[in-house]
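Residue numbers (the working numbering): 1042 to 1258.
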């Protein structure tokens, strides 16, 4: 009597492939959704054509800019007029937590805050501000000599103005993204009464990439 051979079960049969197939399908669906969302965002930004705001310092002058007797403090009155332009046709900007900083040879001698405001598309706004007081500085001996020479001769001083703020990008009433923006302006500021040189309006560098958006509700 011959032995009856029992059929063996193939552990690697079709049933064991089902979890792998299901996992591959899920991954394909997720990848497709990501691609669709990415393309939607890309086409949206191309259609809206977002452009960064433009900053110019149109007026700047010192009515006072001097060193204390021990050369450790700057005494100053600085008047600034900053023009902000929104070149976009559809996008508006909301400016919040606007902070200004003024530097002389890398030494910050003043900082302040500006009022928040909203800027509609295709508009220009002029922001006037005063920086006044005294600030502690650490100038090298040659920088002190140069400062005093400028005071007696040209009366024009190099000042770096930095502006930091957060902006919300708005399309109508919809907030489509929040950004942190940094602005830097390299100025040559005349001292009133000692300089015959007029201030030259200066274009500022704006560190703002509208494609690096932080989406919010």
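All C-beta atoms, glycine included, are put in the ideal place defined by N, C-alpha and C.
- As summarised for the segment 1198-1235, the continuous beta strand (DSSP E) elements at least 3 residues long and confined to that stretch are 1215-1231, given in chain order.
- Nearest C-alpha to residue 1124 among 1242, 1248, 1116 and 1249: 1242.
- Residue state for residue 1142 is assigned as strand, using DSSP reduced to three classes.
- Of 1165, 1144, 1203 and 1149, the smallest CA-CA separation from residue 1155 is found for 1203.
- Shown here, residue 1149 sits in a strand according to DSSP, grouped into three states.
- Secondary structure note for residue 1092: it is in no beta strand (DSSP E), with a DSSP letter that is neither H nor E.
- In the assembly as shown, residue 1091 is a buried residue. Its beta-carbon has 16 or more other beta-carbons within 10 Å.
- Annotation: the continuous beta strand (DSSP E) that includes residue 1176 extends over 1164-1177.
- Taking one beta carbon from each stretch, the segment 1069-1083 and the segment 1186-1206 have fewer than 3 pairs nearer than 8 angstroms; the two do not touch.
- Its chain contains 1096, 1204, 1245 and 1247 as the residues whose beta carbon lies nearer than 6 angstroms to that of residue 1224, once the 5 sequence neighbours on both sides are disregarded; these appear in chain order.
- The shortest C-alpha to C-alpha distance from residue 1226 to any of 1080, 1099 and 1176 is the one to 1099.
- Residue 1119 counts as buried, since at least 16 other C-beta atoms from the protein chains shown sit within 10 angstroms of its C-beta.
- Residue pairing by DSSP puts residue 1244 in a beta bridge opposite 1097.
- At the C-beta level, residue 1169 and residue 1122 come within 8 angstroms of one another.
- Between residue 1208 and the set 1238, 1157 and 1234, the nearest pair of CA atoms involves 1157.
- Residue 1140 and residue 1147 have their C-alpha atoms roughly 17 angstroms apart.
- Here residue 1062 carries a helix assignment [DSSP, helix/strand/coil].
- Counting only residues of its own chain and dropping the five nearest sequence neighbours on each side, residue 1104 has a CB closer than 6 angstroms to the CB of 1118 and 1233.
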